[in-house]
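Undergrad: Quick one: the structure is below, and I'll ask about it shortly.
Numbering (the numbering used here), first residue to last: 17 to 95.
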């Protein structure tokens, strides 16, 4: 866990619910740091520095690509 790289910071757990599912499906090694503390004290998120998404160095490229794919405006297509 010492070598994991922070690639994003979130304020609330609801902001990354879909991201967690996608990472699990792609077997990306990750951890959300400060998640438990902010779940207990949600209004202290800024004081703790937010919820840090840390990813294993070998998975940073895949994780960044997944996050970029979610950021496109066409992700809510009609099927």
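Think of the CB as a built atom: it goes at the ideal place given N, C-alpha and C, for glycine as much as any other residue.
Give every residue of the same chain whose Cβ lies closer than 6 Å to the Cβ of residue 84, excluding the five residues on either side of it in the sequence, and list them in chain order.
TA: Excluding positions up to five away in sequence, the list is empty.
Undergrad: For residue 20, does the three-state DSSP call read helix, strand or coil?
TA: Coil, per DSSP.
Undergrad: Give a yes or no on contact between the segment 69-84 and the segment 42-52, applying the rule of three or more CB pairs nearer than 8 Å.
TA: The answer is yes - the segment 42-52 touches the segment 69-84, with three or more Cβ pairs under 8 Å.
Undergrad: Is residue 66 closer than 8 Å to residue 39 when the C-beta atoms are compared?
TA: For residue 39 and residue 66, no; Cβs fall outside 8 Å.
Undergrad: For residue 20, which of 75, 86, 88 and 71 has the nearest alpha-carbon?
TA: Measuring from the Cα of residue 20, the nearest candidate turns out to be 71.
Undergrad: Specify, as a first and last residue, the run of the beta strand (DSSP E) that residue 68 falls within.
TA: Its beta strand (DSSP E) spans residues 67-71.
Undergrad: What is the DSSP secondary structure of residue 39, counted as helix, strand or coil?
TA: Looking at residue 39 - three-state DSSP - the assignment turns out to be helix.
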